[in-house]
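Trainee: In my numbering, the protein residues as written are 2 to 587.
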């Protein structure tokens with residue numbers, strides 16, 4: 002495939018050489034790459050830097066050209082100008098403050114060539130800070146693509162008339178994405194195709210220009226795609242922020258000025274037809290965000306231990322297929338999968354026919370043995386240095402294993418865990434699923450006493466060393482609910498855990514009220530059994546561990562909301578009460 006690479010510049014002298022050099026190092030036929038620079042009237046040495054790169058690489062690429070605008074026309078409009086200077090069937094929009102990895106374009110070309118015709122655009126994954134928006138970990142479909150690095154079919158770009166020239170900068174990529182989707186096309190995320198994007202100098206940086214433009218265009222997109230309720234709520238929140246919020250005096254003045262200027266754009270952005278799309282609006286965002294927006298991702302070249310993903314199944318093949326697909330999508334590849342089906346072999350045919358490319362070991366218990374016994378069988382069969390459970394109705398985002406293994410390479414720890422979405426889900430008659438919302442329920446640093454009070458570790462979040470199982474710590478086969486909680490508590494007696502504050506998985510819970518109530522009854526019955534076992538666990542905890550974890554709980558209560566303070570202090574009271582009773586017996 003041939004690519005037109007469109008790169009917009011504005012006072013970008015420090016980025017030109019690094020960006021072009023990274024493209025030149027890509028393992029992809031250079032004659033198939035056409036570089037088109039569009040400069041928005043830079044006042045520094047950007048133009049001379051580009052002209053030097055043209056001299057250096059003119060014979061290497063298919064072509065290199067420079068378009069100089071007489072004024073700054075904005076990001077989207079400049080990209081539209083660049084598109085008209087090219088002719089390739091595929092357009093690669095790339096920010097100037099980026100560097101591509103050597104295999105990024107090649108990997109992207111493979112994904113594109115294997116894609117259906119209804120897929121219009123493909124987004125690259127950004128390092129060091131991955132954009133935290135949510136996406137489907139099975140299909141990799143995404144609600145909108147980031148303008149920093151994506152490839153699109155030229156025909157589709159023309160069909161939707163390109164970027165909206167009325168949006169000077171920020172949110173023009175969201176608007177383009179939604180207009181594409183309104184035509185029936187899909188957008189795909191490519192987690193294996195990495196581009197380093199140096200958009201932020203440091204984590205949590207707030208850039209006033211970005212803040213202001215993003216806020217105004219958030220309103221414009223709500224006018225274009227949202228309901229009257231979305232627009233009214235925006236105005237209420239904006240008014241509160243300006244009158245009662247935290248912006249400094251200068252930023253507040255700029256916000257008010259931008260707001261007044263933007264009011265005249267309301268009639269332009271209103272569109273009755275585009276409101277049929279009904280995109281998700283979450284606060285100031287356009288999608289539910291995953292935690293870890295400023296988690297520092299990195300590529301690990303030397304540390305590649307075998308990781309075993311342990312899946313217990315009960316013959317729900319359509320659901321299991323999604324879980325296995327999420328494993329196939331992992332960016333970390335040194336994985337073996339252990340599938341233990343409890344009471345049948347419905348899954349064996351699926352595995353042989355659809356997942357022969359994965360390193361899967363399948364085992365059927367034939368007779369029903371229960372969740373804990375199935376887990377112990379999987380533990381014994383696993384060969385990996387690190388183990389990670391995945392229930393057949395849960396899913397991993399593609400970076401799950403990569404992130405946890407990378408952190409294990411940096412910390413002398415035996416148990417590590419990340420954050421997960423809780424997703425209330427309907428299971429339909431054809432075994433398909435309908436997700437209703439995404440929310441993070443548990444996101445707590447490791448605290449041994451808190452773990453004894455509450456299971457804040459969804460099973461698929463945790464990766465641990467196989468050596469811990471060799472010490473004969475197994476699942477309690479008398480339990481068929483909360484067995485993972487009991488397992489984590491026993492692991493915690495001799496091991497500290499480490500939290501990675503990044504959402505890398507999701508677990509499903511019942512959606513319908515009756516199912517929720519039935520599930521809770523099962524959990525309540527299991528809690529009584531767990532509480533009895535805990536009496537022995539407390540006696541194994543030394544005084545230092547207890548005092549440090551109590552201090553952690555107290556510190557956490559001081560920084561929490563009033564509602565959470567009450568919960569934490571009450572849990573602290575109950576833990577202390579249990580400890581006193583236990584000590585009296587001892």
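Note that beta-carbon positions come from the ideal geometry of N, C-alpha and C, so glycine has one too.
How big is the Cα-Cα spacing for residue 4 and residue 299?
Mentor: Stepping through the chain shown from its first residue, residue 4 is reached at position 3. Stepping through the chain shown from its first residue, residue 299 is reached at position 298. C-alpha separation (whole angstroms): 27 Å.
Trainee: Using DSSP bridges, identify the partner residues of residue 401.
Mentor: Here residue 401 is taken as the residue at index 400 of the chain shown, counted from 1. Residue 401 pairs with nothing; no bridge assigned.
Trainee: In whole angstroms, give me the CA-to-CA distance for residue 12 and residue 72.
Mentor: Position 11 of the chain shown, counted from the start, is the residue given in the question as residue 12. Position 71 of the chain shown, counted from the start, is the residue given in the question as residue 72. Going from the Cα of residue 12 to the Cα of residue 72 covers about 12 Å.
Trainee: By the three-class DSSP mapping on this structure, what secondary structure does residue 310 have?
Mentor: Position 309 of the chain shown, counted from the start, is the residue given in the question as residue 310. Looking at residue 310 - three-state DSSP - the assignment turns out to be strand.
Trainee: Would residue 501 and residue 417 qualify as a contact pair, given that the criterion is a beta-carbon distance under 8 Å?
Mentor: Sequence index remark: in the chain shown, residue 501 carries index 500 (1-based). Sequence index remark: in the chain shown, residue 417 carries index 416 (1-based). Against a cut-off of 8 Å, the Cβ pair of residue 417 and residue 501 comes out as a contact.
Trainee: How about the segment 50-58 and the segment 78-86: do they share at least three Cβ pairs that are nearer than 8 Å?
Mentor: Flag = no, the segment 50-58 and the segment 78-86 do not touch.
Trainee: For residue 461, does the count of other Cβ atoms within 10 angstroms reach 16, so buried, or fall short, so exposed?
Mentor: Within the chain shown, numbered from 1, the residue matching residue 461 stands at position 460. The residue in question, residue 461, is buried, as its Cβ has 16 or more Cβ neighbours within 10 Å.
Trainee: Answer with buried or exposed for residue 159, where buried requires no fewer than 16 other C-beta atoms within 10 angstroms of its C-beta.
Mentor: To locate residue 159, count along the chain shown from 1; it is residue 158. Result: exposed.
Trainee: Can you find a C-beta in chain C that's less than 8 Å from the C-beta of residue 386?
Mentor: Considering every chain present, this structure includes no chain C. It has just one protein chain.
Trainee: For the structure I just gave you, are there three or more beta carbon pairs, one from the segment 307-316 and one from the segment 379-395, closer than 8 Å?
Mentor: Result yes; three or more Cβ-Cβ pairs closer than 8 Å.
Trainee: If you draw a straight line from the alpha carbon of residue 591 to that of residue 118, how long is it in whole angstroms?
Mentor: Past the boundaries of the shown model lies residue 591; the chain is included only from 2 to 587, so the question cannot be answered.
Trainee: Quick check on the DSSP output: the alpha helix (DSSP H) that includes residue 156 runs from which residue to which?
Mentor: Numbered from 1 along the chain shown, position 155 holds the residue referred to as residue 156. Per DSSP, residue 156 belongs to the alpha helix (DSSP H) from 155-160.
Trainee: How would you write the range of the alpha helix (DSSP H) that residue 506 sits in, first residue to last?
Mentor: Within the chain shown, residue 506 is the residue found at index 505, counting from 1. Taken as a continuous stretch (DSSP letters only), residue 506 belongs to no alpha helix (DSSP H), being part of the beta strand (DSSP E) at 498-511.
Trainee: Helix, strand or coil for residue 167, going by three-state DSSP, please let me know.
Mentor: Walking along the chain shown from the start, residue 167 turns up at place 166. In the structure shown, residue 167 sits in coil (DSSP, three-state: anything other than H, G, I, E or B).
Trainee: Looking at the strands, I want to know which residues DSSP matches up with residue 122.
Mentor: Residue 122 sits at position 121 when you count from the first residue of the chain shown. DSSP lists 153 and 188 as partners of residue 122.
Trainee: Looking only at its chain, what residues have a beta carbon closer than 7 Å to the beta carbon of residue 259, apart from the 5 residues adjacent to it on each side?
Mentor: Position 258 of the chain shown, counting from 1, holds the residue named residue 259. Closer than 7 Å at the Cβ level, and outside the excluded window around residue 259, lie 213 and 217.
Trainee: Can you give me the start and stop residues for the alpha helix (DSSP H) that residue 47 sits inside?
Mentor: In the chain shown, the residue the question calls residue 47 occupies position 46. Residue 47 -> alpha helix (DSSP H) spans 47-58.
Trainee: What are the boundary residues of the beta strand (DSSP E) that residue 4 is part of?
Mentor: If you number the chain shown from 1, residue 4 lands on position 3. Per DSSP, residue 4 belongs to the beta strand (DSSP E) from 4-10.
Trainee: What do you reckon, are the CB atoms on residue 141 and residue 111 nearer than 8 Å?
Mentor: Start at 1 with the first residue of the chain shown, and residue 141 comes out as number 140. Start at 1 with the first residue of the chain shown, and residue 111 comes out as number 110. Against a cut-off of 8 Å, the Cβ pair of residue 111 and residue 141 comes out as no contact.
Trainee: Going by DSSP, name the residue or residues bridged to residue 464.
Mentor: The residue you call residue 464 lines up with position 463 of the chain shown. Bridge partners of residue 464: 389 and 417.
Trainee: May I ask which residues mark the beginning and end of the alpha helix (DSSP H) holding residue 341?
Mentor: Walking along the chain shown from the start, residue 341 turns up at place 340. No alpha helix (DSSP H) holds residue 341; the beta strand (DSSP E) holding it covers 336-342.
Trainee: In angstroms, rounded to a whole number, what distance separates the CA positions of residue 85 and residue 146?
Mentor: For the purposes of this step, residue 85 is taken as residue 84 along the chain shown, with counting starting at 1. For the purposes of this step, residue 146 is taken as residue 145 along the chain shown, with counting starting at 1. Their backbone Cα atoms lie some 21 Å apart in a straight line.
Trainee: With DSSP run on the structure shown, which of helix, strand or coil describes residue 133?
Mentor: As a first step, residue 133 must be located in the chain shown, where it is residue number 132. Coil.
Trainee: With residue 64 as the anchor, note down where its alpha helix (DSSP H) starts and where it stops.
Mentor: The count along the chain shown starts at 1 and reaches residue 64 at position 63. Not the alpha helix (DSSP H): residue 64 falls in the beta strand (DSSP E), residues 64-69.
Trainee: According to DSSP, simplified to helix, strand and coil, what is residue 299?
Mentor: The residue you call residue 299 lines up with position 298 of the chain shown. In this structure, residue 299 counts as coil in the three-state DSSP scheme.
Trainee: By Cβ distance, which residues of its chain are closer than 7 Å to residue 131, with the 5 residues on each side in sequence left out?
Mentor: In the chain shown, counting from the first residue as 1, residue 131 sits at position 130. The residues are 298.
Trainee: Tell me where the alpha helix (DSSP H) around residue 218 begins and ends.
Mentor: Mapped onto the chain shown, residue 218 falls at position 217. Per DSSP, residue 218 belongs to the alpha helix (DSSP H) from 209-226.
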